[in-house]
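K.L.:
Quick note, the sequences are listed as chains A and B, same order. Per numbering that gives the first Met the number 0, numbering of the first sequence is gapless, rising by one per residue and ending at 315. Per numbering that gives the first Met the number 0, numbering of the second sequence is gapless, rising by one per residue and ending at 315. In this text, a Cβ means the ideal position worked out from N, Cα and C, and glycines have one as well. Could you have a look at this structure, given as structure tokens, before my questions?
Protein chains: 2
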Amino acid sequence: MSLAEQVLEGNIRAAARLMRDIDDGRPQAIDELKALYPHSGKAYIVGITGPPGAGKSTLVDQLTAAFRAQGKRVGVVAIDPSSPFTGGAILGDRIRMNRHACDEGVFIRSLATRGSLGGLSRSTSDVALVMDTMGMDIVIIETVGVGQDEVDIVKTAHTTCVVMVPGMGDDIQAIKAGILEIGDIFVVNKADRDGSDRTARELSNMLEMRNATEGSWSPPVMKTVAQRGTGIPELVAEIDAHREFLFTSGCGTDFLRERNERHFMEILRDRLFKNALAYMESDGLLEQIVTGMGAHTLDPYSAAEEIMASIMPGRK
Amino acid sequence: MSLAEQVLEGNIRAAARLMRDIDDGRPQAIDELKALYPHSGKAYIVGITGPPGAGKSTLVDQLTAAFRAQGKRVGVVAIDPSSPFTGGAILGDRIRMNRHACDEGVFIRSLATRGSLGGLSRSTSDVALVMDTMGMDIVIIETVGVGQDEVDIVKTAHTTCVVMVPGMGDDIQAIKAGILEIGDIFVVNKADRDGSDRTARELSNMLEMRNATEGSWSPPVMKTVAQRGTGIPELVAEIDAHREFLFTSGCGTDFLRERNERHFMEILRDRLFKNALAYMESDGLLEQIVTGMGAHTLDPYSAAEEIMASIMPGRK
């Protein structure tokens with residue numbers, strides 16, 4: 000039986016193996032993903048993002064418990080910054096989520112932020128696909144960070160929760176503006192701290208300044224204290240409300256189109272580059288180009304044009 | 000006279016126009032960059048990165064003043080998260096750096112984190128190239144954030160300073176590990192706060208655990224209070240020491256090779272993808288693929304292979 004067939008039967012070890020193959024970028028994983036694809040699209044994907052120290056992991060832990068209490072199976076994809084010393088995800092199997100360790104209805108997978116640009120976003124989509132097809136009802140994607148990578152990753156999610164925390168310094172203003180567009184729900188966590196009302200109010204004001212189009216979703220601003228479970232049922236209710244909105248408003252169709260396009264683009268981008276790289280390395284071309292750049296006798300723009308002319312004849 | 004020629008004469012307006020063209024992805028900017036490339040390589044590039052709220056902007060402001068006092072011309076490339084509402088860099092021309100606004104020896108440029116994956120890293124290299132060739136002695140690249148994007152961006156710098164701040168929550172552990180490899184100098188800013196000694200000690204311990212190879216650079220951990228200028232002369236001295244190390248140890252040669260290779264790769268990756276996209280759009284192929292994915296009759300992996308076969312004949 001192929002790995003894909005085992006995954007479709009809900010085999011956890013097979014799913015874990017396939018995810019490892021994806022993470023390692025092994026070519027045989029592609030065939031398994033091809034076989035799984037027609038069976039995908041059943042899981043509901045929830046993204047959790049926000050700046051460091053916002054308490055995202057605790058929130059994910061609480062959400063997992065809440066969804067489990069509803070009888071749903073929950074997959075968690077946690078994106079960790081990679082360490083060159085441990086050679087992978089340093090948070091490993093998420094020790095803090097230990098309370099779900101013996102629960103067969105919870106599957107947790109960490110992905111490291113190693114590898115090339117865009118690669119992580121693609122791996123996340125692929126791992127979410129495996130979780131979907133192995134029978135998870137909810138897949139939670141958690142990212143640590145606030146950069147473009149994270150923005151691209153959470154775009155995979157049906158509902159994205161942006162987690163903030165009161166009083167995190169000046170840069171937060173900049174970050175807020177950058178992530179306003181991606182949040183379907185805003186969460187001010189650690190809301191028992193000073194300044195939480197102000198942060199929530201500021202967020203609401205910024206959201207109101209947007210020229211929302213008729214019939215679009217108005218992102219709510221929630222307050223939680225994840226450590227004590229405060230505000231979690233309300234957050235789950237808002238996630239359900241957004242889900243309901245997506246599937247009744249027609250916005251869900253647009254979202255799926257965009258998500259599919261992005262997923263395809265990432266795969267294509269990756270493949271194009273790998274092929275070009277293989278071509279350049281086999282001919283010793285890369286070496287020549289880098290040497291020419293070092294001597295300032297060749298510029299990288301002209302070099303790229305020459306490579307293009309060779310591998311994509313007839314296009315410029 | 001071409002834009003490139005004007006830039007080489009130190010024309011600030013021409014440089015600003017070329018940077019705008021780069022930021023907008025205008026094709027004519029490429030020809031100017033080609034013309035500038037042989038004249039590049041004179042500026043020393045300093046990267047400043049770290050999590051939100053670490054006080055990086057204040058530090059950059061102080062460093063700029065310190066380099067100016069040495070009679071050096073300073074360019075600053077500040078990477079801001081983009082806002083969909085202001086349509087670009089929300090911090091604009093860095094109002095807080097007002098004190099350098101009338102100084103002809105300081106050129107500040109904000110880049111927004113809009114656009115496609117990898118695009119920002121490429122734009123940063125290109126903008127740094129313009130600042131280099133217009134006669135800046137020092138180019139400071141400041142990034143807000145801690146993701147893979149930021150890591151790639153600071154790899155452009157000769158010397159990378161990672162700025163931390165005492166007590167920023169649990170995620171900091173994860174971040175620290177991820178950025179240990181990219182920091183040449185670690186700065187604990189806001190060192191007048193509680194816990195700064197502990198943060199500095201933890202950082203030193205983590206750095207010591209690395210198996211440093213013989214003759215490699217040992218990153219120092221500095222303490223600063225940028226707001227009051229405390230520790231800035233010492234930081235400048237460490238940057239000078241690292242520069243000296245790069246040019247006497249031979250490590251500088253390896254660094255330049257790697258940087259050139261990365262710069263070329265980013266340009267090539269971008270070009271490959273743009274060409275593939277143009278091909279797919281002109282033939283209505285993208286539409287067909289996304290529709291097929293929506294119906295689950297086509298998977299994105301097979302679709303990418305078909306496109307590859309068409310545009311890169313003879314390669315798979």
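What are the complete beta strand (DSSP E) segments, minimum 3 residues, inside the region 3-54 of chain B?
P.N.:
43-48
K.L.:
Identify the contact partners of A:Ile288 in chain B, using a Cβ-Cβ distance below 7 angstroms as the criterion.
P.N.:
Phe263
K.L.:
If we ignore side chains and look at the alpha-carbon of each, how far apart do B:Phe272 and A:Ile47 end up?
P.N.:
Computed Cα separation, rounded: 29 angstroms.
K.L.:
Count the other CB atoms, across all protein chains shown, that sit within 10 Å of the CB of A:Gly214; report buried if there are 16 or more and exposed otherwise.
P.N.:
exposed
K.L.:
Below 7 angstroms CB to CB, which residues in the same chain sit around B:Met18 once its five sequence neighbours on both sides are set aside?
P.N.:
Arg108, Val126, Val129
K.L.:
Give, in chain order, every residue of the region 242-256 of chain A whose Cβ lies closer than 9 angstroms to some Cβ of chain B.
P.N.:
Thr252, Leu255, Arg256
K.L.:
Anything in the region 23-39 of chain A with a Cβ closer than 9 angstroms to a Cβ of chain B? List those residues in chain order, please.
P.N.:
Ile29, Asp30, Leu32, Lys33, Ala34, Leu35, Tyr36, Pro37, His38, Ser39
K.L.:
To which residues of the same chain is A:Ala225 closer than 6 angstroms at the C-beta, ignoring the five residues directly before and after it?
P.N.:
Gly54, Thr57, Leu58, Gln61, Asn188
K.L.:
How many Å lie between A:Val138 and A:Ala15 at the Cα?
P.N.:
Going by the C-alpha atoms only, they are around 15 angstroms apart.
K.L.:
Classify B:Ile184 as helix, strand or coil using the three-state DSSP reduction.
P.N.:
Residue state, collapsed to three classes: strand.
K.L.:
List the residues of chain A whose Cβ lies closer than 9 angstroms to the Cβ of B:His295, in chain order.
P.N.:
Under the 9 angstroms cutoff, chain A gives Tyr36, Pro37, His38, Ser39, Gly40.
K.L.:
So what's B:Ala156 in DSSP terms, helix, strand or just coil?
P.N.:
coil
K.L.:
For B:Met221, write down the residues that DSSP places opposite it in a beta bridge.
P.N.:
The bridge partners DSSP lists for B:Met221 are B:Val186.
K.L.:
What did DSSP end up calling B:Thr85 once you bin it into helix, strand or coil?
P.N.:
Low confidence applies to B:Thr85: its pLDDT is 32, below 50, so where it sits in the model is not reliable, and the reading given next is rough at best. Three-state DSSP puts B:Thr85 in coil, outside helix and strand.
K.L.:
Quick one: list the residues of chain B neighbouring A:Tyr300, beta-carbon separation under 7 angstroms, in chain order.
P.N.:
Ile29, Leu32, Lys33, Ile266
K.L.:
List the residues of chain A whose Cβ lies closer than 7 angstroms to the Cβ of B:Met292, in chain order.
P.N.:
Contacts between B:Met292 and chain A, judged by CB atoms closer than 7 angstroms, involve Asn259, Phe263 in chain order.
K.L.:
Check whether the region 241-248 of chain B and the region 194-211 of chain B touch, using three or more Cβ-Cβ pairs below 8 angstroms as the test.
P.N.:
no
K.L.:
What residues in its chain sit with their C-beta under 7 angstroms from that of A:Asp191, if we drop five residues either side in the sequence?
P.N.:
Contacts found: Val224.
K.L.:
Is there a Cβ from chain A that is less than 8 angstroms from the Cβ of B:Leu271?
P.N.:
yes
K.L.:
How would you list, in chain order, the residues of chain B whose beta-carbon sits under 7 angstroms from the beta-carbon of A:Ala275?
P.N.:
Residues of chain B passing the Cβ test: Leu267, Leu271.
K.L.:
In whole angstroms, what separates the C-alpha of A:Gly24 from that of A:Glu265?
P.N.:
14 angstroms
K.L.:
Could you tell me the alpha carbon to alpha carbon distance between A:Ala275 and B:Glu8, rounded to whole angstroms?
P.N.:
37 angstroms
K.L.:
A:Leu110 by DSSP, collapsed to three states: which one?
P.N.:
strand
K.L.:
May I ask which residues mark the beginning and end of the alpha helix (DSSP H) holding B:Thr247?
P.N.:
231-248
K.L.:
For the beta strand (DSSP E) that A:Val164 lies in, which residues bound it at each end?
P.N.:
Counting along the chain, A:Val164 falls outside any beta strand (DSSP E), and DSSP gives it neither H nor E.
K.L.:
From A:Arg197 to A:Pro165, what does the alpha carbon distance come to, in whole angstroms?
P.N.:
8 angstroms
K.L.:
DSSP three-state call for A:Glu103: helix, strand or coil?
P.N.:
It is coil, neither helix nor strand.
K.L.:
Would you tell me roughly how many angstroms separate the C-alpha atoms of A:Met311 and B:Ser309, rounded to the nearest one?
P.N.:
Straight through space, the alpha carbons of B:Ser309 and A:Met311 are spaced by roughly 9 angstroms.
K.L.:
With C-beta atoms as the reference, is A:Val153 less than 8 angstroms away from A:Ile140?
P.N.:
yes
K.L.:
Could you please give me the residues that DSSP links to B:Glu141 through a beta bridge?
P.N.:
B:Ile47, B:Ala77
K.L.:
For chain B, is any of its Cβ atoms less than 8 angstroms away from the one on A:Ile44?
P.N.:
no
K.L.:
Can you list the residues of chain A that B:Met311 reaches, using a CB-CB cut of under 7 angstroms?
P.N.:
Asn274, Ile310, Met311
K.L.:
Using a Cβ-Cβ cut-off of 8 angstroms, state whether A:Ile306 counts as contacting chain B.
P.N.:
yes
K.L.:
Check whether chain A comes within 8 angstroms of B:Pro303, counting only Cβ atoms and requiring the distance to be less than that.
P.N.:
Looking at the sequence itself, residue 303 of chain B is Ala, so the reference to Pro does not match. Under the 8 angstroms criterion on CB atoms, B:Ala303 is classed as interfacial with respect to chain A.
K.L.:
For A:Gly52 and A:Thr142, what's the separation of their Cα atoms in angstroms?
P.N.:
Each residue's alpha carbon lies about 12 angstroms from the other.
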